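Q: Residue numbers (UniProt numbering), protein chains in the order written: chain A, 1 to 230; chain B, 1 to 230.
Structure provided below as structure tokens; questions to follow.
2 protein chains.
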Amino acid sequence: MAHEVQKSIARQSLLLKSLPEQHVGTLLSHAIWRVYERGETIFLQEEKAQAVHVVLAGWVKLFRMSPNGSEAVVSVFTRGESFGEAVALRNVPYPVSAEAVSPCEVMHIPIPVLISLMKEDPEIGISILAATFTHLHSLVAQLEQLKAQTGAQRVAEFLLNLCDCEAGDCEVVLPYDKMLIAGRLGMKPESLSRAFTRLKPIGVKINRNHAEISDISVLRDYSVSDPTET
Amino acid sequence: MAHEVQKSIARQSLLLKSLPEQHVGTLLSHAIWRVYERGETIFLQEEKAQAVHVVLAGWVKLFRMSPNGSEAVVSVFTRGESFGEAVALRNVPYPVSAEAVSPCEVMHIPIPVLISLMKEDPEIGISILAATFTHLHSLVAQLEQLKAQTGAQRVAEFLLNLCDCEAGDCEVVLPYDKMLIAGRLGMKPESLSRAFTRLKPIGVKINRNHAEISDISVLRDYSVSDPTET
DNA sequence: GGTGCGACATGACAATAGTCAAGTTGCGGT
DNA sequence: ACCGCAACTTGACTATTGTCATGTCGCACC
Numbered sequence: 001m002a003h004e005v006q007k008s009i010a011r012q013s014l015l016l017k018s019l020p021e022q023h024v025g026t027l028l029s030h031a032i033w034r035v036y037e038r039g040e041t042i043f044l045q046e047e048k049a050q051a052v053h054v055v056l057a058g059w060v061k062l063f064r065m066s067p068n069g070s071e072a073v074v075s076v077f078t079r080g081e082s083f084g085e086a087v088a089l090r091n092v093p094y095p096v097s098a099e100a101v102s103p104c105e106v107m108h109i110p111i112p113v114l115i116s117l118m119k120e121d122p123e124i125g126i127s128i129l130a131a132t133f134t135h136l137h138s139l140v141a142q143l144e145q146l147k148a149q150t151g152a153q154r155v156a157e158f159l160l161n162l163c164d165c166e167a168g169d170c171e172v173v174l175p176y177d178k179m180l181i182a183g184r185l186g187m188k189p190e191s192l193s194r195a196f197t198r199l200k201p202i203g204v205k206i207n208r209n210h211a212e213i214s215d216i217s218v219l220r221d222y223s224v225s226d227p228t229e230t
Numbered sequence: 001m002a003h004e005v006q007k008s009i010a011r012q013s014l015l016l017k018s019l020p021e022q023h024v025g026t027l028l029s030h031a032i033w034r035v036y037e038r039g040e041t042i043f044l045q046e047e048k049a050q051a052v053h054v055v056l057a058g059w060v061k062l063f064r065m066s067p068n069g070s071e072a073v074v075s076v077f078t079r080g081e082s083f084g085e086a087v088a089l090r091n092v093p094y095p096v097s098a099e100a101v102s103p104c105e106v107m108h109i110p111i112p113v114l115i116s117l118m119k120e121d122p123e124i125g126i127s128i129l130a131a132t133f134t135h136l137h138s139l140v141a142q143l144e145q146l147k148a149q150t151g152a153q154r155v156a157e158f159l160l161n162l163c164d165c166e167a168g169d170c171e172v173v174l175p176y177d178k179m180l181i182a183g184r185l186g187m188k189p190e191s192l193s194r195a196f197t198r199l200k201p202i203g204v205k206i207n208r209n210h211a212e213i214s215d216i217s218v219l220r221d222y223s224v225s226d227p228t229e230t
């Protein structure tokens, strides 16, 4: 971790930003910084956890291979987000695998460093819990989406999360390729294509990896409407 | 918490069993003990968290109401299990609602008690993280199931989790009614019925709330087989 | 011992998503 | 500039699931 730029990104991460300065310094000085190429494995399911991971740049996916061979994408992380906190403290194997889906920079904080610091200051524990809770919450939201919404609605919600605008029209860039988006939303690439087609009548134009939304509120209404009444 | 029986159940809970004796005593002496009737609400989504909850008897479901009115069951807890740990420490509203699905006994540990104890002893934090991680893990597993398995396979896996036997034949009791099982597995009651029908040819007989499995290994094979090749 | 209600099963149908196959397109390598 | 590949789209078909309607059964309540 020689570069000041990366240190400052790390400080802004959800995991570290609420910690007192002295601890952040300790953690950063023990952290390992690595780059990954697209498609490279960061760790494998069932492997023993060695570190907590903070994404500094690029995109990382967490996924699970089921015994029958199909892949379920559990989540996708980018700059400032961290993963592996909970598993780190329990000395159990990873329940998922992690892979870089674009060129990435990832910071690894070795677990022993974290544990010893945690015994000194309970604030660290609370901070880790906060990050873990964020994941928990997002998984709950995903479960709800899968169980209660159609494919097209999930895509609509996905697009809405990408917009920062509040109302009116908006253009967003799809952050990673469509195969991964499909996986993240629990469908096949073909179904994603069709979902996009279905959103066309309500003002969504897809061009390459750009999406144009003519009216956000229309899309928002659609994403929460009852599937049976459309 | 006047009753010794309940205290001893609480001590066996995942949350408390690994804590040092003195802390358990403190927590128990501040805990509130309550009974709930079937269908009674324990807390509502968006409500501010007041306590961590430990189920002593009966069954509790956590669920989310989506804006369009449909209900997604997130998890179901029973004796010895706890929920609400993560949200407790962040002063944020509950992301889910909780309801008793059978007559229940639930112990509530007020959050301030927990926080002050946590500042005294970091072990408490680790213990809470452990419980939280268990939930995280189970949510990840659920996501995988929903995305990569058919309805009948999810039912098969649900039945396998209920058996304690390792091989051969086995009879299990369905722990709660079929409507809730359906919700827990992300399907409608009708689909659950059909899933049971589909499991009949491979040796599963359903009678009331009893399930007879003629050969566990056959069922296990089925639950992990590729849906396309059956 | 009725009576009525809710849980559950089943059939017919519609909607949704997966599968397979056949293009099209964009892009990197030569 | 050409080639080849992988991502993406589209169409036809199938499978799975939700919806609606109907019927049975068990059980609490009078």
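We treat Cβ as the ideally placed atom computed from N, Cα and C, and that holds for glycine.
Owing to the predicted nature of the structure, the values given are computational and were not obtained by experimental measurement.
Relative to the alpha-carbon of Val87 (chain B), which residue among B:Lys119, B:Glu99 and B:His53 has its alpha-carbon at the smallest distance?
A: It is B:His53.
Q: Just checking, does the stretch 114-126 of chain B make contact with the stretch 28-40 of chain A on the three C-beta pairs under 8 Å criterion?
A: Too few Cβ pairs lie closer than 8 Å, so no.
Q: Sort B:Val92, B:Pro103 and B:Glu47 by Cα distance to residue 264 (chain B) and report the nearest one.
A: This structure cannot settle anything about residue 264 (chain B), because the visible part of chain B is limited to 1 through 230.
Q: Decide if Ala167 (chain B) is buried, meaning its Cβ has at least 16 other Cβ atoms within 10 Å, or exposed.
A: Ala167 (chain B) is exposed by the Cβ-count criterion.
Q: Verify the CB distance criterion: does Thr26 (chain B) have a CB-CB separation below 9 Å to chain A?
A: By this cut-off, Thr26 (chain B) is not an interface position.
Q: What separation, rounded to the nearest whole angstrom, lies between the Cα atoms of Leu204 (chain A) and Phe196 (chain A)?
A: Reading the sequence as shown, one finds Val at residue 204 (chain A) and not Leu. So the two alpha carbons sit approximately 8 Å from each other.
Q: Grouping DSSP H, G and I as helix and E and B as strand, with all else coil, what is Ala100 (chain A)?
A: Ala100 (chain A) falls in the strand class under three-state DSSP.
Q: Determine the burial state of residue 276 (chain B): buried for a count of at least 16 other Cβ atoms within 10 Å of its Cβ, exposed for fewer.
A: Any question about residue 276 (chain B) goes unanswered here, given that chain B covers just 1 to 230.
Q: Could you spell out where the alpha helix (DSSP H) holding Ala51 (chain B) opens and where it closes?
A: No alpha helix (DSSP H) holds Ala51 (chain B); the beta strand (DSSP E) holding it covers Ala51 to Ala57.
Q: Could you spell out where the beta strand (DSSP E) holding His210 (chain B) opens and where it closes?
A: Unbroken beta strand (DSSP E) run through His210 (chain B): His210 to Ile213.
Q: In chain order, what residues of the same chain have a beta carbon less than 8 Å from the beta carbon of Ala6 (chain B), not counting five sequence neighbours either side?
A: Sequence inspection shows Gln at residue 6 (chain B); the Ala mentioned does not correspond to that position. Contacts found: Trp33, Leu56, Glu105 and Met107.
Q: Within the stretch 126-182 of chain B, note down every full beta strand (DSSP E) run reaching 3 residues or more, in order along the chain.
A: List check, beta strand (DSSP E) in window: 170-173.
Q: Could you give the distance in angstroms between the alpha-carbon of Pro93 (chain A) and the alpha-carbon of Gln50 (chain A)?
A: Roughly 10 Å separates the two Cα atoms.
Q: Tell me, please, whether the CB atom of Glu71 (chain A) is closer than 9 Å to any CB atom in chain B?
A: Closer than 9 Å to some Cβ of chain B, the Cβ of Glu71 (chain A) qualifies, so yes.
Q: In the DSSP assignment, the beta strand (DSSP E) including Met118 (chain B) goes from what residue to what residue?
A: Met118 (chain B) -> not in any beta strand (DSSP E); alpha helix (DSSP H) instead, spanning Ile111 to Glu120.
Q: Quick check on Glu144 (chain B): buried or exposed, where buried means 16 or more other Cβ atoms within 10 Å of its Cβ?
A: Answer is buried; the Cβ neighbour count reaches 16.
Q: Compare the beta carbon distance of Gly186 (chain B) and Val73 (chain B) with 9 Å and say whether it is the shorter of the two.
A: Yes. Within cutoff.
Q: Listing by chain order, which chain B residues have their CB less than 9 Å from the CB of Lys7 (chain A)?
A: Going along chain B, no residue has its Cβ under 9 Å from Lys7 (chain A), so there is no contact; the nearest lies around 26 Å.
Q: Within the 9 Å Cβ cut-off, does Gln22 (chain B) reach chain A?
A: No, no contact with chain A.
Q: Determine the burial state of Pro122 (chain B): buried for a count of at least 16 other Cβ atoms within 10 Å of its Cβ, exposed for fewer.
A: When all chains shown are included, Pro122 (chain B) counts as buried.
Q: Would Ser223 (chain B) pass as a contact of Gln142 (chain B) if the rule is Cβ separation under 9 Å?
A: No; because the gap between Cβ atoms is not below 9 Å, this pair is not in contact.
Q: I'd like to know if Glu144 (chain B) contacts chain A, where contact means its C-beta is closer than 9 Å to some C-beta of that chain.
A: Answer yes: the Cβ-Cβ gap between Glu144 (chain B) and chain A drops below 9 Å somewhere.
Q: Taking the alpha-carbon of Glu81 (chain A) as reference, which of A:Pro112, A:Glu46, A:Arg90 and A:Ser138 has the nearest alpha-carbon?
A: Out of A:Pro112, A:Glu46, A:Arg90 and A:Ser138, A:Ser138 has the C-alpha closest to the C-alpha of Glu81 (chain A).
Q: Could you please tell me which residues of the stretch 86-106 of chain B, in chain order, have their CB closer than 7 Å to any CB of chain A?
A: Under the 7 Å Cβ criterion, the stretch 86-106 of chain B contributes Ala86, Val87, Leu89, Arg90, Pro95 and Val96.
Q: May I ask which residues mark the beginning and end of the beta strand (DSSP E) holding Val92 (chain B)?
A: No beta strand (DSSP E) holds Val92 (chain B); DSSP gives it neither H nor E.
Q: Can you name the residues of chain A whose CB is closer than 9 Å to the CB of Thr132 (chain B)?
A: Ordered by position in chain A, the residues that pass the 9 Å Cβ test against Thr132 (chain B) are Ala86, Leu129, Thr132, Phe133 and Leu136.
Q: Verify the CB distance criterion: does Pro175 (chain B) have a CB-CB separation below 9 Å to chain A?
A: Answer no: the Cβ-Cβ gap between Pro175 (chain B) and chain A never drops below 9 Å.
Q: Buried or exposed for residue 254 (chain B), please, with buried defined as at least 16 other CB atoms from any protein chain shown within 10 angstroms of its CB.
A: Lying before the first or after the last residue shown, residue 254 (chain B) is absent from chain B, which here runs from 1 to 230.
Q: Thinking C-beta only, is Leu129 (chain B) closer than 9 Å to Gly125 (chain A)?
A: In contact: Gly125 (chain A) and Leu129 (chain B) (Cβ atoms closer than 9 Å).
Q: How big is the Cα-Cα spacing for Val13 (chain B) and Ser225 (chain B)?
A: The amino acid occupying residue 13 (chain B) in the given sequence is Ser; Val does not appear at that position. Going from the Cα of Ser13 (chain B) to the Cα of Ser225 (chain B) covers about 35 Å.
Q: Taking 9 Å as the threshold (C-beta atoms), are Thr132 (chain B) and Leu136 (chain A) in contact?
A: Against a cut-off of 9 Å, the Cβ pair of Thr132 (chain B) and Leu136 (chain A) comes out as a contact.
Q: Report yes or no: is there a C-beta of chain B within less than 9 Å of the C-beta of Ala156 (chain A)?
A: Chain B contact via Cβ: absent.
Q: Taking buried to mean at least 16 other C-beta atoms within 10 Å of its own C-beta, is Leu27 (chain A) buried or exposed?
A: By the 10 Å Cβ count, Leu27 (chain A) comes out buried.
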